[in-house]
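Per my numbering, the sequence shown starts with residue 36, numbered consecutively.
Cβ atoms here follow ideal geometry from the backbone N, Cα and C, with glycine treated the same way.
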Amino acid sequence: MLSLSNKTTLLIFSCLVFLLTIVLWGANKGFDFTDESYYYIGYYFKIETNLSISFFHKIYLAFFGWMNLTIPELRILRALLMLSSIVFSSYSVAKYFSIKNKLELVAFASAFSFLSYAFYPNSISYNTFSSFFVSVLIGLVFQIKYTRHKLFMGGLIGFFSALLILNKFTNGLFLVVFALVFLTTERKKIYLFYTKKKKEFGGVFIAVILGSIIAIGFVFESITNVKESITELIKGVLMLEGHNLSSVITSYFYGLIHLVSNSKWLLLILTVTILILRNTPLKKSAAYVTALLLFLLFINGQSIIIPIGLYIPYFVFIVGLLLLKLFIEKSFLTKNTFFALFFIVAPFLVSFGTNNSPFIHFIFCGGLIGIGLFLLLINYSKSLKFLFVLFLLISLSMQVFSGFVIHPFRLNKNLLCQENKIENIPAFKGLSLDRETDQFISSVLELKDHPSKYIFTLTDLFAISLILDKQPYPFYWLNESNITNLSKVVSFEIDPEQLLIIIPEEQMLKSKTQEAFLKIGVNFTRDYSIIKSIKYRKATINFYAHNQTTTLSYK
């Protein structure tokens, strides 16, 4: 009969295999016309978005642009980057804390890294890059004390630190906090290293700086390109409306209110149960009661078929319970607990600079949550640890399956209904879509030979650029709410005859839309005509071409 330790290990690996299997199975199914196409267009046309506040397209192109990956291949690359980075960081942490069963921690953290598939696009984005660079950095810092090649390791730390900031400059907050946490816990060893090996210490410091400079040179083509990119960054930051500190604080506040209001009674019952039974012969019963109440808490929060966005906060409750028990039974401020709290908080630090709910955003760093939870769980008895792991992994698996397969982000059909294979579009080669989307693509392809070079469309139709293989202009996140920014992001004059404008009929009827186009010299009433209309997802999409454009006969 298997021991509890073996059962826990088997449970973790089973969950990991299940999650990896469904992600690989879904790598060629479905496509989000909005977020995912926005990311992929930059990779496909090898361009950076106008007025960018993130250089993630440049970073991707520097590393992987030569590969010319299709969408399914890009998704597999994302999974490989995610897993390799979290395996490295979790193994380094296991080594640092002298954890006997290192594979158990690695598998647990790897399973939690799949949280990022529970809600957001199945693609490489600036959020997934942030998670990747953060994980690699953590692994490098925890490994540096064990390696003889400290100068090389210091260079890598500088290289990935620079990439993390270039990917999103607000990630500097994470770097500062991580440095403070590590310097505080290792201050004696660092001071000893400084006093006994000053030359090597100085060499590591210089290596970090050189690594940062190399990263900047690797991403940008020239000094001129660096200056232009910084100018675009400043303009982009000044135009931000929702991505700022006040919106982050507001989302934290309302997230916490939602958290407490939905589960206050179950929280109270759990706390009282632990307090009353912790020092009685009923300890084991208390563990089972706690596990049952945790399951009720999960069911109370949301149905298992609802996407992860609304009930991910319940992981925060579990952390609270683990800390409460630690606080009651033993010394609370151990190094394990200190770093566990940091890993659990780290995703919230990375979420600064986004207007997403922090409880949604932190799924991108799910692997770090897994490391933090495991560091807390190793302080528990085998029976209670097994129960917590069982609950966490079952709920994790259901959430990922629900968000990834049953309710994929911004798709009308689940992945089981993506059966129509696309082979005649280079970017979509090997991709399977639902019948309605396939029919829409076939209708759009009738305009493949239109002589226009550029496409203007709102963000939710960006994928049309990939279908017709025409570059979007401007390449900027424009939707119905911020189309008035159009004149601010147009950076060069374009021949109107080279522009194919694709926009929903309902949106075009709005006065603010036509006013925005007039500011960039586009007069619909005088210069443009509808050459095609397609109904898609209960909307009529109109295709406008310049009256002077010589075209084929379109219906």
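1. Using 10 angstroms around the beta-carbon of E550, count the other beta-carbons present and answer buried if the total reaches 16, otherwise exposed.
2. For P539, which residues does DSSP report across the bridge?
3. Quick check: the segment 134 to 151 against the segment 491 to 509, are there 3 or more CB pairs under 8 Å?
4. Just the Cα atoms here: how many angstroms apart are G193 and V243?
5. Could you please give me the residues that DSSP links to S467 through a beta bridge?
6. If we count the other Cβ atoms within 10 Å of its Cβ and call it buried at 16 or more, is G336 buried or exposed?
7. Report back the beta-carbon spacing between S165 and V385 to the nearest angstrom; my notes put them in contact at under 8 Å.
8. Mark N206 as exposed unless 16 or more other C-beta atoms lie within 10 angstroms of its C-beta, in which case mark it buried.
9. Do the segment 179 to 196 and the segment 87 to 103 meet, that is, are 3 or more Cβ pairs less than 8 Å apart?
10. Counting only runs that start and end within the segment 220 to 280, where is the alpha helix (DSSP H) found for 4 or more residues in a row?
11. Specify, as a first and last residue, the run of the beta strand (DSSP E) that T492 falls within.
12. Measure the alpha-carbon distance for M188 versus L150 and round it to whole angstroms.
13. Spatial neighbours of I379 within its chain, please: CB distance less than 8 Å, with the 5 preceding and 5 following residues excluded, ordered by chain position.
14. Could you check whether F510 and G65 sit closer than 9 Å to each other, using their CB atoms as the reference points?
15. Sort out for me which residues DSSP pairs H581 with in a bridge.
16. How is P107 classed by DSSP in three states: helix, strand or coil?
17. Can the beta-carbon of E471 be found less than 9 Å from the beta-carbon of Y571?
18. Rounding to the nearest angstrom, what Cα-Cα distance links K592 and P461 in this structure?
19. According to the neighbour-count rule (16 or more other Cβ atoms, all chains shown, within 10 Å of its Cβ), is M102 buried or exposed?
20. Could you check which residue in S125, L227, F204 and I179 has the C-alpha nearest to that of N162?
21. Mind checking which residues open and close the alpha helix (DSSP H) that includes G405?
22. If you follow the alpha helix (DSSP H) that K547 is part of, which residue opens it and which one closes it?
23. What did DSSP end up calling P507 once you bin it into helix, strand or coil?
24. Could you give the distance in angstroms between the alpha-carbon of L544 and the alpha-carbon of Y563?
25. If the criterion is Cβ atoms closer than 9 Å, does the pair Y152 and F439 meet it?
26. Find the nearest neighbour of L513 within the set K483, L503, E532 and F552, judged by alpha-carbon distance.
27. Rounded to whole angstroms, what is the Cα-Cα separation between F377 and S40?
28. If we count the other Cβ atoms within 10 Å of its Cβ and call it buried at 16 or more, is S247 buried or exposed?
29. What residues in its chain sit with their C-beta under 7 Å from that of N63, if we drop five residues either side in the sequence?
30. Starting from the Cα of P531, find the closest Cα among N517, Y579 and T519 and give me that residue.
31. What first and last residue would you give for the alpha helix (DSSP H) that runs through Y73?
For this structure:
1. exposed
2. I576
3. no
4. 4 Å
5. K64 and K456
6. Legend: pLDDT at G336 = 48, less than 50; position of this residue unreliable, value from coordinates given subsequently. When all chains shown are included, G336 counts as buried.
7. 5 Å
8. buried
9. no
10. 222 to 231, 233 to 254 and 258 to 274
11. Y489 to T492
12. 29 Å
13. V354, L403, I404, G407 and L408
14. no
15. Y563
16. helix
17. yes
18. Past the boundaries of the shown model lies residue 592; the chain is included only from 36 to 590, so the question cannot be answered.
19. exposed
20. F204
21. G401 to L412
22. S546 to L553
23. strand
24. 14 Å
25. yes
26. F552
27. 26 Å
28. buried
29. P107, G465, L466 and S467
30. Y579
31. D70 to Y79
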